[in-house]
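One structure is given below, encoded as structure tokens.
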Amino acid sequence: IVKRKVLVLDLDETLIHSHHDGVARPTVRPGTPPDFVLKVTIDRHPVRFFVHKRPHVDFFLDIVSQ
Numbered sequence: 006i007v008k009r010k011v012l013v014l015d016l017d018e019t020l021i022h023s024h025h026d027g028v029a030r031p032t033v034r035p036g037t038p039p040d041f042v043l044k045v046t047i048d049r050h051p052v053r054f055f056v057h058k059r060p061h062v063d064f065f066l067d068i069v070s071q
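In this note's numbering, each residue's number is its place in the sequence shown (first place is 1) plus 5.
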């Protein structure tokens with residue numbers, strides 16, 4: 006029996022950069038469109054989170070998932 010290894014990664018600032026409405030992050034170049042937007046409700050207030058994937062994150066995840 007071969008045991009698979011488990012890799013635990015922190016998302017924010019490791020695999021992605023994210024920020025919410027009105028709060029710019031210095032780690033993302035101004036004007037860069039987000040890879041996706043999450044719309045959530047916090048304390049009955051709608052908030053949009055703008056998510057930017059780190060460079061090469063898809064390639065990295067493909068490799069480590071093998």
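Cβ coordinates follow ideal geometry from the N, Cα and C atoms, glycine included.
Alpha-carbon spacing of residue i relative to residue j, whole angstroms
| i | j | result |
| --- | --- | --- |
| His-57 | His-50 | 23 Å |
| Ser-23 | Asp-17 | 7 Å |
| Thr-46 | Val-7 | 43 Å |
| Phe-41 | Leu-12 | 24 Å |
| Lys-44 | Gln-71 | 32 Å |
| Ile-21 | Ile-68 | 17 Å |
| Phe-65 | Thr-19 | 12 Å |
| Lys-10 | Asp-26 | 38 Å |
| Gly-53 | Pro-39 | One point to set straight first is that residue 53 is Arg, not Gly, in the sequence displayed. The alpha-carbon atoms of Arg-53 and Pro-39 are separated by roughly 11 Å. |
Residue i: first and last residue of the uninterrupted alpha helix (DSSP H) it sits in
| i | result |
| --- | --- |
| Val-62 | 62-69 |
Exposed unless 16 or more other CB atoms sit within 10 angstroms - verdict on residue i
| i | result |
| --- | --- |
| Phe-55 | buried |
Boundaries (first-last residue) of the beta strand (DSSP E) holding residue i
| i | result |
| --- | --- |
| Leu-16 | That residue, Leu-16, is in no beta strand (DSSP E); it is neither H nor E in DSSP. |
Best match in the options for proximity to residue i [C-alpha to C-alpha]
| i | options | result |
| --- | --- | --- |
| Asp-15 | Ile-68, Val-62 and Gln-71 | Val-62 |
| Thr-37 | Lys-10, Arg-9 and Pro-60 | Pro-60 |
One or two residues paired with residue i in a DSSP bridge
| i | result |
| --- | --- |
| Val-42 | Phe-55 |
| Ile-47 | His-50 |
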